[in-house]
Amino acid sequence: MSAHGVPTPLTAVKSGPLTGTADVPGDKSISHRSLIFGAMAVGETRITGLLEGQDVLDTGRAMQALGAEVTRHDDGTWTVQGVGVGGFSEPDHVIDCGNSGTGVRLLMGAVATHGFATTFTGDASLNSRPMARVTDPLALFGAEAVGRSRGRLPLTLVGACEPVPVRYATPVPSAQVKSAVLLAGLNAPGQTVVIEKEATRDHTERMLAGFGAEISTEVTDEGRVITLTGQPELRPQTIVVPRDPSSAAFPVCAALITEGSDVLVPNICLNPTRAGLFETLRDMGADLTYENLREEGGEPVADLRARFSPDMKGIEVPAERAASMIDEYPILSVVAANAEGVTYMPGVAELRVKESDRIDAMARGLEACGVTVEEGSDWWKVHGRGAGGVRGGGTVAARLDHRIAMSFLCLGFSAQNTVTVDDAGPIATSFPIFRPLMEQLGARFQDRQE
Numbered sequence: 001m002s003a004h005g006v007p008t009p010l011t012a013v014k015s016g017p018l019t020g021t022a023d024v025p026g027d028k029s030i031s032h033r034s035l036i037f038g039a040m041a042v043g044e045t046r047i048t049g050l051l052e053g054q055d056v057l058d059t060g061r062a063m064q065a066l067g068a069e070v071t072r073h074d075d076g077t078w079t080v081q082g083v084g085v086g087g088f089s090e091p092d093h094v095i096d097c098g099n100s101g102t103g104v105r106l107l108m109g110a111v112a113t114h115g116f117a118t119t120f121t122g123d124a125s126l127n128s129r130p131m132a133r134v135t136d137p138l139a140l141f142g143a144e145a146v147g148r149s150r151g152r153l154p155l156t157l158v159g160a161c162e163p164v165p166v167r168y169a170t171p172v173p174s175a176q177v178k179s180a181v182l183l184a185g186l187n188a189p190g191q192t193v194v195i196e197k198e199a200t201r202d203h204t205e206r207m208l209a210g211f212g213a214e215i216s217t218e219v220t221d222e223g224r225v226i227t228l229t230g231q232p233e234l235r236p237q238t239i240v241v242p243r244d245p246s247s248a249a250f251p252v253c254a255a256l257i258t259e260g261s262d263v264l265v266p267n268i269c270l271n272p273t274r275a276g277l278f279e280t281l282r283d284m285g286a287d288l289t290y291e292n293l294r295e296e297g298g299e300p301v302a303d304l305r306a307r308f309s310p311d312m313k314g315i316e317v318p319a320e321r322a323a324s325m326i327d328e329y330p331i332l333s334v335v336a337a338n339a340e341g342v343t344y345m346p347g348v349a350e351l352r353v354k355e356s357d358r359i360d361a362m363a364r365g366l367e368a369c370g371v372t373v374e375e376g377s378d379w380w381k382v383h384g385r386g387a388g389g390v391r392g393g394g395t396v397a398a399r400l401d402h403r404i405a406m407s408f409l410c411l412g413f414s415a416q417n418t419v420t421v422d423d424a425g426p427i428a429t430s431f432p433i434f435r436p437l438m439e440q441l442g443a444r445f446q447d448r449q450e
């Protein structure tokens, strides 16, 4: 069922060419961080282009619960009146993070070095996800997590009254874990150090520097060594949120597999720690070009043009690329189903612990639509059926996962028969305008299967 109510099944119908401009929402990762860092600065941060999906709105409410003032204005801009590093106050109610793993893990880091208790919960999907990967390193600062087995929500995080700085090597590539440790380190004395063997999205480091924190990154034999000096006074900022590459993935990939399509997706963040999908698509032979390359707010940005690409080939996706496209593997598997040959995706164990087990969810759904899939604990293969060769006709379980739902709807635009997802409600967590945007391009939906 939907994250916030009754299930809302939705069916995608084979569509004509997708054409036009797709103005996707603001980047979700940067939106979360804009609210959190704005709340930890002294003074007023102004944000334009904020993603107004449920996940980000839940983070905004959490900032208010911790004492910051968060306001949406009539012109669509947002302001955050921050309380400064160390200035959060104990919330008087449970913080509900809905479906957002990013939101809850970053928030845990933000409160871990404050001397009070915060209780977190979420929807059924979030409450089933492992949180020990964050609570374990936060315990090194002196925080204590009290809750269910394996650190699952609901849980109460008792912040450290006298936090100590930490040196921590992340055991798996995870921007959420890295960011949680850095956020905790903001209110700890001395230098907190995070070491990651593989580069993950670096929005936290970029934004901390922009807000005035003393932070550096050095590449050594250990990996990327990120050093943060604690207890700074963060300066408020004016932030223009670029558009989300993870959301752009859906109209881009839908255009590549839907006959006759030509879609422009403007103002997309091409941070190299986020753009692995687009590099992979081009390796497969996609007609995908970058136009108007530029830099905005310290982030590389471009307009993406995607055209129907009937001659794409399956490839082996480099395992070292996984961190830069971990959220895009579901929609990549849809493209792979429409390519010739086998697409092999190794090094993706992280997909097993996302909003759903995304390897299993996509494998079962693709099989229901006539596509052969092989899988292991940290890899999977999709046997492509060529352009327009996917049978479709299946009803698939979205499993409370917005990216699973959108991926299968995109498959339905090019499949021989309709594709139905059992619940499209979770799409609102990250891409609330998905349906009208795709309809504007020429995509066809039915609210029930006919």
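Residues 1 to 450 (the UniProt record's numbering) make up the sequence shown, in order.
Ideal Cβ placement from N, Cα and C applies to all residues, glycine included.
Remember, predicted model here, so these are calculated numbers, not experimental data.
Residue i to residue j, Cα distance in whole Å?
i: Gln231; j: Val85; result: 6 Å
i: Gln449; j: Thr113; result: With a pLDDT of only 45 at Gln449, under 50, the local geometry of the prediction cannot be trusted, and the value read off the model is given with reservation. Each residue's alpha carbon lies about 51 Å from the other.
i: residue 498; j: Arg282; result: Residue 498 is absent from the model: the chain starts at 1 and stops at 450.
i: Asp58; j: Arg72; result: 14 Å
i: Gly151; j: Arg133; result: 8 Å
i: Met325; j: Thr280; result: 9 Å
i: Gly314; j: Ala336; result: 6 Å
i: Ala188; j: Gly210; result: 20 Å
i: Ala286; j: Leu256; result: 7 Å
i: Val194; j: Thr227; result: 7 Å
i: Ala306; j: Pro163; result: 49 Å
i: Phe434; j: Asn417; result: 21 Å
i: Val144; j: Glu44; result: Position check: residue 144 holds Glu in this sequence, whereas Val was assumed. So the two alpha carbons sit approximately 32 Å from each other.
i: Ala3; j: Ser149; result: In this prediction, Ala3 has a pLDDT of 45, which is less than 50 and means its spatial position is unreliable; nothing more can be read from the coordinates.
i: Pro130; j: Val353; result: 7 Å
i: Gly103; j: Gln54; result: 11 Å
i: Leu288; j: Phe278; result: 8 Å
Between which two residues does the beta strand (DSSP E) containing residue i stretch?
i: Cys269; result: 262-269
i: Asn417; result: No beta strand (DSSP E) contains Asn417, which DSSP labels as neither H nor E.
i: Asn292; result: 287-296
i: Arg444; result: 444-446
i: Met284; result: Per DSSP, Met284 belongs to no beta strand (DSSP E) and is neither H nor E.
i: Glu233; result: Note, Glu233: premise wrong, no beta strand (DSSP E); not H, not E.
i: Arg358; result: No beta strand (DSSP E) holds Arg358; the alpha helix (DSSP H) holding it covers 358-368.
i: Ile239; result: 238-240
i: Leu300; result: In the sequence as presented, Leu is not what sits at residue 300; that position holds Pro. Element bounds for Pro300: 299-307.
i: Thr11; result: 10-13
i: Thr273; result: Per DSSP, Thr273 belongs to no beta strand (DSSP E) and is neither H nor E.
i: Gly20; result: 19-21
Cutting at 8 Å between CB atoms, please list the residues of its own chain near residue i, excluding the five before and the five after it.
i: Thr204; result: Arg33, Ala175, Lys178, Ser179, Leu182, Leu183
i: Ala65; result: Pro91, Asp92, His93, Ile95
i: Gly20; result: Val263, Leu264, Gln440, Leu441, Gly442
i: Ala117; result: Glu90, Thr156, Leu157, Val158, Gly159
i: Glu375; result: Ile359, Asp360, Ala363, Lys381
i: Asp303; result: Leu264, Val265, Pro266, Asn267, Ile268, Tyr290, Glu291, Asn292
i: Ala349; result: Val172, Ser377, Asp378
Kindly list the residues whose CB is nearer than 7 Å to the CB of residue i, restricted to its own chain and excluding five residues on each side of it in sequence; keep chain order.
i: Thr121; result: Val94, Asp96, Asn127, Leu153, Pro154
i: Pro7; result: Met1, Asp422, Asp423, Gly425
i: Cys369; result: Val390, Arg391, Gly392, Gly393, Gly394, Leu411, Ala415, Val419
i: Ala199; result: Arg224, Thr273, Ala323
i: Gly60; result: Leu35, Val70
i: Ala275; result: Pro245, Ser324
Under 6 Å Cβ to Cβ from residue i, same chain only, skipping five residues before and after it: list those, please.
i: Arg399; result: Ser356, Ala361
i: Thr229; result: Gln191, Glu214
i: Ala387; result: Pro310, Asn338
i: Ala397; result: Asp422
i: His402; result: Pro426, Ile427, Thr429, Ser430
i: Ile30; result: His203, Val241
i: Leu140; result: Val166
i: Glu299; result: Pro242, Cys269, Asn271
i: Arg358; result: Pro330, Leu351
i: Gly365; result: Val396, Phe408
i: Glu222; result: Ile195
i: Arg444; result: Val13, Ser15
What are the boundary residues of the alpha helix (DSSP H) that includes residue i?
i: Pro330; result: 329-337
i: Pro346; result: Run containing Pro346: none in the alpha helix (DSSP H); it sits in the beta strand (DSSP E), 340-346.
i: Ala255; result: 245-257
i: Gly147; result: Not the alpha helix (DSSP H): Gly147 falls in the beta strand (DSSP E), residues 144-147.
Mind pulling the beta strand (DSSP E) runs of 3 or more residues that sit fully within the region 153-222?
155-158, 167-169, 191-196, 215-220
At 4 residues or longer, and completely inside the region 24-66: list those alpha helix (DSSP H) runs for me, N to C.
Taken in chain order, the complete alpha helix (DSSP H) segments of 4 or more residues contained in the region 24-66 are 28-40, 54-65.
Stretch-stretch touch, CB-based, cutoff 8 Å, three pairs: the region 17-32 with the region 46-56:
yes
I'd like to know if the region 10-17 and the region 408-416 are in contact, where contact means that at least 3 CB-CB pairs between them fall below 8 Å.
They touch, by the three-pair rule.
Extract the residue ranges of the beta strand (DSSP E) inside the region 372-438, only unbroken runs of 3 or more that lie entirely within it.
As far as the region 372-438 is concerned, its whole beta strand (DSSP E) runs of at least 3 residues are 372-375, 379-385, 419-421.
Report yes or no: do the region 371-381 and the region 338-351 share at least 3 C-beta pairs separated by less than 8 Å?
yes
Decide if the region 150-170 is in contact with the region 290-299; the criterion is three or more beta carbon pairs, one per stretch, under 8 Å apart.
no
Minimum length 3: unbroken beta strand (DSSP E) runs contained in the region 71-99:
Listed in chain order, they are 78-83.
Can you list, in chain order, the stretches of the alpha helix (DSSP H) that have 4 or more residues and sit fully within the region 99-138?
101-111, 124-127
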